Amino acid sequence: MWKNGAKCAVCLTFDCDSDISWKNIMRRTGAVKEGEPYSPVVLSQGQYDYNVAIPRILRFLDSEDLKGAFYVPGMLAEERSELVKDIARRGNEVGHHGYAHLNPFRLSPEDERKEMEKGLEALEAVLGTRPKGYRAPAFDISPRTLDLLVEHGFVYESNQMAWDTPYVHQQKKGKIVELPFNWLTMDWTYFAFNFFPPLEYQSGITSQEDVLDIWSEEFEGLYDDGALMTIVMHPQVMGRPSRVRMLGRLIKKMKKKGKVWIAKPIEVAEYWLESHRSG
Ligand SMILES: [Zn+2]
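Take any residue in the sequence shown, count from 1 to its spot, add 302: that is its number in the working numbering.
Structure (structure tokens):
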């Protein structure tokens, strides 16, 4: 079913929200009103992304000889262009993650288009190539998003969860592959925590061993079914030492099992299109 006779495919994906998304959260929840300053402590959680977490994850992927996908808001690409170039230089995929990390579903059609095109321009200016993959900020796509993606030449998106394998959205002007994920295989669900206002994400912190247990069992089942496991991670959350070490143990299990294709999402999407071409 998968490349080189692999039984299942795995994508390691990282949403690089930095402090940009915390600003949005503070505004959306009313914790910060127009003209008021943002909480430095809340912002600093996101700054961990580019200071420590992304570099640590890049070193980890290199040490395992693996490539992942990093979804980057255009604004971050402008602010941290050397880091974003480094992600690509090491052979990883850089995907689109909005411009200012604004949820498409909550934008007007005009603003959604602007956010997408501004993000594309920013990534292209830094990398010299256009991204082919899209992860929406907060996975919050609108009824218009798929058409916009087709119009702008994207090959895949990774925002929905209707199947265990990739699937294809047939739009009026073309098609786009979906690389599904699930809340179960995302780090934020278990690890995100924030103490200060906004009072979101206060459910506590799950042990990385419990998450390893859940992800391992999910992997075994998806392997048996010949499916795709898309792991969604956020460097500021997943890039802590204990969690990167846990990811290392998960990868070890996968490698030991054998016949697992750990690949960049764009490779999986293109392979799916190629192997499911009809007529
Ligand atoms: Zn995000």
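We put the beta carbon where it would ideally sit given N, CA and C, even for glycine.
Since the structure is predicted, the reported quantities are computational estimates derived from the model, not experimental observations.
Fill in: Span of the beta strand (DSSP E) around G332
The count along the sequence shown starts at 1 and reaches residue 332 at position 30. Taken as a continuous stretch (DSSP letters only), G332 belongs to no beta strand (DSSP E), as it is neither H nor E.
Fill in: Where G581 falls: helix, strand or coil (DSSP)
Mapped onto the sequence shown, residue 581 falls at position 279. The pLDDT assigned to G581 is 42, lower than 50, so where the model puts this residue is not dependable; a value taken from the coordinates is nonetheless given after this. Three-state DSSP puts G581 in coil, outside helix and strand.
Fill in: Residue span of the beta strand (DSSP E) that contains W490, given as start and end
Translated into the one-based positions of the sequence shown, residue 490 becomes position 188. Careful: W490 lies outside any beta strand (DSSP E), inside the alpha helix (DSSP H) at 490–493.
Worksheet entry | Through-space distance from N394 to G281, alpha-carbon basis | What is shown of the chain runs 303 to 581, which leaves residue 281 out entirely.
Discussion item. Can you confirm whether the segment 438–454 touches the segment 401–414 when touching is taken to mean that 3 or more C-beta pairs between the two stretches lie within less than 8 Å?
Written reply: yes
Discussion item. Checking the sheet assignment: what are the DSSP bridge partners for E395?
Written reply: The sequence position of residue 395 within the sequence shown is 93, counting from 1. In DSSP, E395 forms a bridge with A371.
Discussion item. Does K559 come out as helix, strand or coil in the three-state DSSP assignment?
Written reply: The sequence position of residue 559 within the sequence shown is 257, counting from 1. Helix.
Practice prompt. Can you check the segment 411–463 for any beta strand (DSSP E) of at least 3 residues that lies completely inside it and give the ranges in chain order?
Written response: none
Discussion item. For H471, list the residues DSSP reports as bridge partners.
Written reply: Position 169 of the sequence shown, counted from the start, is the residue given in the question as residue 471. I478, per the DSSP bridge assignment.
Worksheet item: Mind checking whether the beta-carbon of D442 lies closer than 6 Å to any heavy atom of ligand 1?
Response: Position 140 of the sequence shown, counting from 1, holds the residue named residue 442. Every heavy atom of ligand 1 is 6 Å or more from the Cβ of D442, so no.
Worksheet item: Sorry if obvious, but does the Cβ on P439 come closer than 6 Å to a heavy atom of ligand 1?
Response: Counting from 1 along the sequence shown, the entry for residue 439 is found at position 137. Indeed, a heavy atom of ligand 1 lies less than 6 Å from the Cβ.
Worksheet item: Does the beta-carbon of P499 have 16 or more other beta-carbons within 10 angstroms, so that it is buried, or is it exposed?
Response: Here residue 499 refers to the residue found at position 197 when the sequence shown is read from its first residue. Burial call: exposed.
Fill in: Opening and closing residue of the alpha helix (DSSP H) in which M377 lies
For the purposes of this step, residue 377 is taken as residue 75 along the sequence shown, with counting starting at 1. Here the alpha helix (DSSP H) through M377 covers 376–381.
Worksheet item: At which residues does the beta strand (DSSP E) containing F316 begin and terminate?
Response: Within the sequence shown, residue 316 is the residue found at index 14, counting from 1. Element bounds for F316: 310–317.
Fill in: Secondary structure of L409, DSSP reduced to three states
Within the sequence shown, the letter at position 107 stands for residue 409. Looking at L409 - three-state DSSP - the assignment turns out to be coil, as it is neither helix nor strand.
Worksheet item: If you draw a straight line from the C-alpha of V513 to the C-alpha of L363, how long is it?
Response: Sequence index remark: in the sequence shown, residue 513 carries index 211 (1-based). Sequence index remark: in the sequence shown, residue 363 carries index 61 (1-based). If you take the alpha carbons of V513 and L363, they lie about 20 Å apart.
Discussion item. Nearer than 6 Å: is that true of the beta carbon of D466 relative to any heavy atom of ligand 1?
Written reply: Translated into positions along the sequence shown, residue 466 becomes position 164. No, ligand 1 has no heavy atom inside 6 Å of this Cβ.
Practice prompt. Measure the C-alpha to C-alpha separation of L425 and E419 and round it to an integer number of angstroms.
Written response: Within the sequence shown, numbered from 1, the residue matching residue 425 stands at position 123. Within the sequence shown, numbered from 1, the residue matching residue 419 stands at position 117. Take the alpha-carbon of L425 and the one of E419: they are about 10 Å apart.
Worksheet item: From which residue to which residue does the beta strand (DSSP E) around V534 run?
Response: For the purposes of this step, residue 534 is identified with residue 232 of the sequence shown, where counting begins at 1. Secondary structure note for V534: its beta strand (DSSP E) is the uninterrupted segment 530–535.
Discussion item. Here's a check: name, in chain order, each residue in its chain whose Cβ is nearer than 7 Å to the Cβ of S483, leaving out the five neighbours to either side.
Written reply: As a working mapping, residue 483 is identified with position 181 in the sequence shown. One detail in the question is off: residue 483 reads as Phe in this sequence, not Ser. Excluding residues within five positions, the ones whose Cβ falls inside 7 Å are S460, M463, T532, V534.
Worksheet item: Quick one, are the C-beta atoms of R437 and H399 less than 7 Å apart?
Response: Along the sequence shown, one-based indexing puts residue 437 at 135. Along the sequence shown, one-based indexing puts residue 399 at 97. Yes, the Cβ-Cβ distance between R437 and H399 is below 7 Å.
Fill in: Contact belief for Y401 with G376 at Cβ below 8 Å, rounded distance in angstroms
If you number the sequence shown from 1, residue 401 lands on position 99. If you number the sequence shown from 1, residue 376 lands on position 74. About 4 Å separates the two Cβ atoms, so the contact holds.
Worksheet item: What is the rounded straight-line gap between the Cα of T467 and the Cα of L481?
Response: In the sequence shown, the residue the question calls residue 467 occupies position 165. In the sequence shown, the residue the question calls residue 481 occupies position 179. Rounded to whole angstroms, T467 and L481 show a C-alpha spacing of 7 Å.
Item to complete: Let me know if G550 comes out buried or exposed under the rule of 16 or more other beta-carbons within 10 Å of its beta-carbon.
Response: Counting from 1 along the sequence shown, the entry for residue 550 is found at position 248. Exposed.
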